[in-house]
Amino acid sequence: MTASPSSNRELTAPPSSNRELTAPPSSNREQMKEFSKKRSRGSFESLPSACEASLKSGSTSKSDRLLKPTEHRLEKPNVKEGQVGLNDLGEGAHVIYVPDAFERERSKELFHRLSSGIPWEQKEIRMMGRPILQPRLIAYMADDPSMTYTYSGSTLHPTGWTDDVLKIKKKIEEVAGVTFNSCLLNHYRNGQDHLSWHSDNERLYGPSPTIGSVSLGATRDFMMKSILDPPEKYCFPLGGGAALVMRGTVQDRWLHCVPKRARVKDARINLTFRSIICAEKAAH
Ligand SMILES: O=C(O)CCC(=O)C(=O)O
Ligand SMILES: [Fe+2]
1 MTASPSSNRE LTAPPSSNRE LTAPPSSNRE QMKEFSKKRS RGSFESLPSA CEASLKSGST
61 SKSDRLLKPT EHRLEKPNVK EGQVGLNDLG EGAHVIYVPD AFERERSKEL FHRLSSGIPW
121 EQKEIRMMGR PILQPRLIAY MADDPSMTYT YSGSTLHPTG WTDDVLKIKK KIEEVAGVTF
181 NSCLLNHYRN GQDHLSWHSD NERLYGPSPT IGSVSLGATR DFMMKSILDP PEKYCFPLGG
241 GAALVMRGTV QDRWLHCVPK RARVKDARIN LTFRSIICAE KAAH
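Just so we're aligned, residue 1 is where the sequence shown starts under the UniProt record's numbering, counting upward by one.
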C-alpha cells in the first residue's frame, strides 16, 4: 500500500488545502453539502444541549462560559467541547469519550512502564518527496507479523503484544464493544511533538472502522474537524487514563489531529487500537 494523501500525517499545509486531499467523491460531496446546509439551517438535534442553545441564539459566549480556559479555546472560540459519553456528530459519526476509563494511579503506573518498557522509534518518513523525522516516537503491535501498516511512505512491522498493552486493549474493547487486533502507539515527548490532520481510513481497516484510543501521561487536545463546508470542530482534552472511541462514519467525514501545545512540557503516550480486516498484501 502506498501512502495516500489522507494517510499522510505529516502534512504541513493549512487545514483548508489539507481538507481537499480527503474530500469525498463528488456525488458524496453533494450529499454532504446538503447535510452541511441542514446543519447551518439550525438542525442541531445531535449537539449537546448547552451547545445547542448557544448556537440557536447565534451567540458563542454561552458555550464559551462552559469551557475551561485552555489555550485552543481562547484562540478559537468556535471549537465545541466534546461531551463525556456518546457524542453524536451527525450522519452516522459517533465518538465515545470517557475521561477516566483508567483510575489516576493506574494510568500513571502504566505511563511509566510503557515509557521505559517499549522500544520506541523515531521513524524517517517522506514529506513532499523529502525525508524527515516524524515529530514523535512510535511503536506498533499486532496479533500477527503479517499485519503490517503503511502510512506516510513508511511500513511498520508489528512486534507482539506486551502484557501491559494487552490489559489496556481489554479495557478499551469493553468501552468500544468490539475486539482489536493491532495497535499504533505514539509517544509525544512534549508539546512540540504532534500529529497532523488525518483520517484513519486505510483500506486494511475496511469501511467505517471502529478505532479505540487510550491516553496516558500529559493532557493533549485531540481536535476533530468535519470535512463539510464550513467545517465544524470539536476538542476532546485527553488526559492520563482517558479513552476515546471513533466509530461509524467518523473516518470518512472527519479529520483528527493532536496539535502542538507550547505550554505542555511533559510527555504523553497514546495507543490507538484498530482491527485489520484485510491485510496490506491482500489489499494490493
Ligand atoms: O494521539 C492521539 O490521540 C491520536 C493518535 C492518532 O490519531 C493515530 O495514531 O492515528
Ligand atoms: Fe488517527
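For each residue, glycine too, the CB sits at the ideal point set by N, CA and C.
Since the model is a prediction, treat every value here as computed from it, not as a measurement.
* To do: Drop a sphere of 10 angstroms on the beta-carbon of Val84, count the other beta-carbons inside from all chains shown, and report buried for 16 or more, exposed for fewer.
  => exposed
* Could you name each continuous beta strand (DSSP E) segment of 3 residues or more that falls completely within the segment 65 to 144, going from the start of the chain to the end? => 85 to 90, 93 to 98, 124 to 127, 130 to 133, 137 to 142
* Look up Val178 in the DSSP assignment and say whether it is helix, strand or coil. => Looking at Val178 - three-state DSSP - the assignment turns out to be coil, as it is neither helix nor strand.
* In or out: Ala243 buried (at least 16 other Cβ within 10 Å) or exposed? -> buried
* To do: Report the option in Asp200, Asn270, Gln251 whose CA atom is closest to the CA atom of Thr219.
  => Asn270
* Would Pro230 be called buried (16 or more neighbouring beta carbons within 10 Å of its own) or exposed? -> Note on Pro230: under 16 other CB atoms within 10 angstroms of its CB, so exposed under the neighbour-count rule.
* Asked: Got a sec, what are the start and stop residues for the alpha helix (DSSP H) Asp252 sits in?
  -> Residues 250 to 253.
* May I ask you to report which of helix, strand or coil DSSP gives Arg203? => Helix, per DSSP.
* Asked: Do Ala139 and Glu124 have their CB atoms nearer than 8 Å?
  -> no
* Asked: Would DSSP call Ala262 helix, strand or coil?
  -> coil
* If you draw a straight line from the alpha carbon of Gly206 to that of Arg104, how long is it in whole angstroms? -> 34 Å
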